[in-house]
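S.K.: These protein sequence lines map, in sequence, to chains A and B.
Counting from 1, one number per residue, gives the positions in the first sequence under this note's numbering.
Counting from 1, one number per residue, gives the positions in the second sequence under this note's numbering.
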Amino acid sequence: MRVTQSEFRAALIDARLPAPEGLHDGAARPAGRRFDVYRNNVAVSLTEALHEGFPVIARLLGKTNMDGLAGMFLRAHPPQSPLMMHYGDGFPEFLAGLEQLSHLGYLPDVARLELALRRAYHAADAAPLDPVRLAQVAPEDLLGARLGFAPAATLLRSPWPIYDIWRFNTEPDAPKPRAVAQDVLITRPDFDPAPHPLPPGAAAWIAALMAGETWSAADDDARADEPDFDPAAPLTLLIQGGAITQLTLKG
Amino acid sequence: MLDQTARPSRLPHAAGVGYKPQHFAALAADPGAVGWLEIHAENYMGDGGRPMAQLRHLAERFAISVHGVGLSIGGEGALDPDHLARLKHLCDWLNPASFSEHLAWSTHDSAFLNDLLPLPYTDTTLARVVEHIDQVQTALGRRMLLENPSSYLAFAESTWAEPDFLAEIARRTGCGLLLDVNNVFVSATNLGFSPQGYIDAFPLAAVGEIHLGGHDEQSDDHGAPLLIDSHGRAVADPVWALLDYTLARSGPRPVLIEWDTDVPDWPVLEGEAARAHAALQQVPA
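Right, here's the structure in full:
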């Protein structure tokens with residue numbers, strides 16, 4: 001009797017189903033637990049991939065809970081690509097939709113931060129702009145300037161202390177998370193992405209520049225959030241992180 | 001773009017290892033018995049960053065084999081054109097000494113299952129695999145190697161023996177074969193056939209590369225040994241003996257050590273490569 005790949009896959013993902021008929025052990029006996037080898041390979045490898053991709057979420061939830069979630073996630077969202085570097089793209093939204101985790105409202109945004117760090121790790125290389133070029137721009141010309149950014153540079157905005165939570169769970173002796181909203185900039189100076197918490201107004205400023213707005217329009221956006229906004233600190237973060245790759249002056 | 005001058009066009013008849021990023025520094029300092037490297041294609045399909053930089057660096061020093069684990073050549077459905085395009089992009093950039101994939105499937109109805117799943121050996125599956133390999137070789141513009149699987153079960157509907165099935169695929173497509181000697185030992189133990197008999201039946205002239213890896217031992221519902229192709233430990237002694245048996249019949253070939261889980265420190269992996277190197281030294285050229 002013929003075993004289709006649809007049948008094989010269904011029994012692979014759902015251990016409550018029996019192994020398909022038509023599979024044997026080489027001596028004409030039913031395959032039995034031999035089929036479980038494949039079930040186990042799929043479940044274990046994808047569970048490990050989720051642990052590796054979201055180490056902070058795994059630490060926050062504990063191994064048992066994370067293993068359980070990995071199984072639920074695999075059945076609800078089997079990977080759509082053979083690139084394991086992208087596995088878990090839908091995990092933050094999956095977490096956000098789980099009623100039983102609604103008391104941990106920060107989890108989806110922490111997962112988004114981990115996903116963004118992984119994407120930044122694999123992002124295309126880009127030569128940073130020589131900061132001297134920025135320093136040479138006359139102040140009146142700077143207002144109309146636009147910046148280009150490295151593919152690894154990523155901005156996240158959250159009502160939760162996502163940077164503090166990430167740091168508390170990745171660095172020894174890190175301070176306890178504060179009850180604050182945190183915007184985060186990810187830069188990748190060489191090969192290792194690093195998250196940086198942003199001061200008030202900076203996320204609006206960077207978001208506008210990343211959207212292709214002029215320096216002056218970005219400044220307006222930032223001041224709408226934070227009247228005393230000063231771009232010095234976020235600009236230093238961007239330059240030190242090699243996040244700026246292009247400077248285009250008006251005209 | 002990589003400098004393509006003086007890049008090897010084929011793998012040397014030497015020992016290689018599956019490359020792991022944690023071995024980068026040790027390998028750059030002293031490769032020891034290791035003469036070439038194999039990478040999993042899917043780990044080098046990002047846009048940049050450390051993985052691609054390391055690969056660029058290694059490719060300037062070693063012959064590289066690109067080994068795909070996600071093309072699903074044995075799938076009932078069509079090959080994923082996006083994935084084939086990614087493979088072409090990688091091979092065009094790297095110009096590897098070899099490209100290989102598996103006689104297995106991993107994707108069905110667009111869901112990727114991250115394992116090498118078995119297929120029955122029938123005239124229907126033969127025709128489909130041949131069509132897929134033609135498609136891959138045409139798209140990549142190069143000959144590929146197809147690897148024999150490790151089996152934990154068999155299909156009642158199969159009408160071909162595995163070595164004959166692989167020989168017929170090679171005959172019809174012109175592809176080469178990658179003979180995983182550990183897989184032969186695992187399958188032979190699990191399904192109760194002679195591993196030497198399998199090697200005797202295998203079209204050794206088509207073999208462009210040999211794989212070795214460690215396996216775990218469990219047992220099935222009847223207490224019979226059930227070997228698992230885990231790549232998580234040293235190569236077992238009977239598998240080394242089967243390598244000698246194979247090399248005595250095939251002549252020297254590129255021999256790879258695969259160690260993918262519980263990856264050891266470099267000296268342990270290099271020691272396995274040295275053992276493969278010694279096995280190759282015993283073979284008349």
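Glycine residues also receive a C-beta, built at the ideal position from the N, C-alpha and C atoms.
Just so we're clear, the structure is a prediction, and the values are computed from it rather than from any experiment.
Are the C-beta atoms of residue 111 (chain B) and some chain A residue less than 7 Å apart?
M.R.: Closer than 7 Å to some Cβ of chain A, the Cβ of residue 111 (chain B) qualifies, so yes.
S.K.: Just the Cα atoms here: how many angstroms apart are residue 24 (chain B) and residue 54 (chain B)?
M.R.: Going by the C-alpha atoms only, they are around 8 Å apart.
S.K.: Residue 53 (chain A) lies in the alpha helix (DSSP H); which residues open and close that run?
M.R.: Its alpha helix (DSSP H) spans residues 34–53.
S.K.: For residue 8 (chain A), which residues in chain B fall below 7 Å Cβ to Cβ?
M.R.: Those are 117, listed as they occur along chain B.
S.K.: Would you say residue 222 (chain A) and residue 204 (chain A) are within 7 Å of each other, going by their C-beta atoms?
M.R.: Yes, these two residues count as a Cβ contact at 7 Å.
S.K.: Residue 80 (chain B) and residue 41 (chain A): beta carbons closer than 7 Å?
M.R.: No, they are not a contact pair.
S.K.: Note down the Cα distance separating residue 120 (chain A) from residue 73 (chain A), rounded to an integer number of angstroms.
M.R.: About 23 Å.
S.K.: Rank A:182, A:68, A:234, A:245 by C-alpha distance to the C-alpha of residue 133 (chain A) and give the top, closest one.
M.R.: Per the Cα distances, A:245.
S.K.: Relative to chain B, which residues along the stretch 72–105 of chain A have a C-beta separation below 7 Å, given in chain order?
M.R.: So the close ones are 78, 79, 80, 81, 82, 83, 84, 85.
S.K.: Measuring straight from C-alpha to C-alpha, what distance separates residue 145 (chain B) and residue 3 (chain A)?
M.R.: Answer to the nearest angstrom: the Cα atoms are 27 Å apart.
S.K.: If you draw a straight line from the alpha carbon of residue 155 (chain A) to that of residue 149 (chain A), how long is it in whole angstroms?
M.R.: Roughly 11 Å separates the two Cα atoms.
S.K.: Of all the options B:159, B:211, B:274, B:222, which has the alpha carbon lying nearest to the alpha carbon of residue 123 (chain B)?
M.R.: The option with the nearest alpha carbon to residue 123 (chain B) is B:159.
S.K.: Please confirm whether residue 156 (chain B) has its beta-carbon closer than 7 Å to some beta-carbon of chain A.
M.R.: Interface residue, yes.
S.K.: For the stretch 61–69 of chain A against the stretch 175–193 of chain B, do three or more pairs of beta-carbon atoms, one drawn from each stretch, fall closer than 8 Å, so that the two count as touching?
M.R.: The stretch 61–69 of chain A is not in contact with the stretch 175–193 of chain B.
S.K.: May I ask you to report which of helix, strand or coil DSSP gives residue 125 (chain B)?
M.R.: Residue 125 (chain B) falls in the helix class under three-state DSSP.
S.K.: Compute the Euclidean distance between the alpha carbons of residue 239 (chain B) and residue 125 (chain A), then round it to the nearest angstrom.
M.R.: Going from the Cα of residue 239 (chain B) to the Cα of residue 125 (chain A) covers about 43 Å.
S.K.: For residue 144 (chain B), decide whether its Cβ has a neighbour in chain A, counting only Cβ atoms nearer than 7 Å.
M.R.: Not an interface residue.
S.K.: With H, G and I counted as helix, E and B as strand and the rest as coil, what does DSSP make of residue 80 (chain A)?
M.R.: Residue 80 (chain A): coil per DSSP, three-state reduction.
S.K.: Closer than 8 Å, Cβ to any Cβ of chain A: which residues of the stretch 36–70 of chain B, in chain order?
M.R.: Cβ contacts with chain A come from 42, 43, 45, 46, 47, 48, 49, 50, 51, 52, 53, 69, 70.
S.K.: Could you list which residues in chain B have their beta carbon closer than 7 Å to that of residue 34 (chain A), in chain order?
M.R.: Correct list: 152, 153, 220, 226.
S.K.: For residue 33 (chain B) versus residue 277 (chain B), is the C-beta distance shorter than 7 Å?
M.R.: Yes.
S.K.: Rounding to the nearest angstrom, what Cα-Cα distance links residue 202 (chain A) and residue 103 (chain A) in this structure?
M.R.: In a straight line, the C-alpha of residue 202 (chain A) is about 29 Å away from that of residue 103 (chain A).
S.K.: At 3 residues or longer, and completely inside the stretch 136–220 of chain B: list those beta strand (DSSP E) runs for me, N to C.
M.R.: Segments of the beta strand (DSSP E) lying fully in the stretch 136–220 of chain B: 145–147, 176–180, 207–213, 216–219.
S.K.: With DSSP run on the structure shown, which of helix, strand or coil describes residue 246 (chain A)?
M.R.: In the structure shown, residue 246 (chain A) sits in a strand (DSSP, three-state: E or B).
S.K.: Answer with buried or exposed for residue 25 (chain A), where buried requires no fewer than 16 other C-beta atoms within 10 angstroms of its C-beta.
M.R.: When all chains shown are included, residue 25 (chain A) counts as buried.
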